[in-house]
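Read in order, the letters of the sequence shown are residues 34 to 200 in the numbering used here.
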Amino acid sequence: MKELPYFKFWPSQWITGNISFLTFEEQGAFMKACCFYWAQDCNLKTQQVKRIIPEHIYNSLLDNGLIKSDGEYIIISWLDEQLKERIKRHKTNVANGRKGGKISAELRASNQAELEGGSRVGVEDGSSIKIRKEKIRKEKIKGVVGGKEFTDPNLRIDDELKNLLKK
34 MKELPYFKFW PSQWITGNIS FLTFEEQGAF MKACCFYWAQ DCNLKTQQVK
84 RIIPEHIYNS LLDNGLIKSD GEYIIISWLD EQLKERIKRH KTNVANGRKG
134 GKISAELRAS NQAELEGGSR VGVEDGSSIK IRKEKIRKEK IKGVVGGKEF
184 TDPNLRIDDE LKNLLKK
């Protein structure tokens, strides 16, 4: 999966949450920790966080429940949830892309086979899609008048005109 470009941020939760009771320095440090955590795919060691924010602020964030630690790594729950959502969506998109790609590949193969004489292609759900060949379509609109071919589908020649053209 590509780099995670953003995480969801709800200003109302920021203003009304526990973070609003902390100092501006602590709030900024928390946001910096969140950004760094997200950029590291929610896999950030405690020692790394302590290098980017002062230890007393780190302890304040722990005490206020904004971050957790299992000893070696920190945990920011709301970002972990967002990451799980993105991974799930990514897997779904990949699966759907493969399905569409498979159908496209089958259609291309069918078109090639049809040019060599085939006419139908099977699809995953058991149905089949008839593929129109350009050649067949052109043959349907061709007609012969006085030994000469015409290909305009809008041109209709009645019998009187055919007789006149034959003279």
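Don't be surprised by glycine CBs; every beta carbon is placed ideally from N, CA and C. As the structure is a prediction and not an experimental result, all values here were calculated from the model.
State the start and end residues of the unbroken alpha helix (DSSP H) segment that holds residue 197.
192-199
Excluding five sequence neighbours on each side, which residues of the same chain lie with their C-beta closer than 8 Å to the C-beta of residue 98?
51
Return the bridge partner residues of residue 107 from the DSSP annotation.
102
Alpha carbon to alpha carbon, how far is residue 142 from residue 113? Give it in angstroms, no decimals.
43 Å
When the distance is taken between beta carbons, is residue 101 closer than 8 Å to residue 90?
no
Quick check on the DSSP output: the alpha helix (DSSP H) that includes residue 90 runs from which residue to which?
88-96
Verify whether the separation of the beta carbon atoms of residue 57 and residue 94 is less than 8 Å.
no
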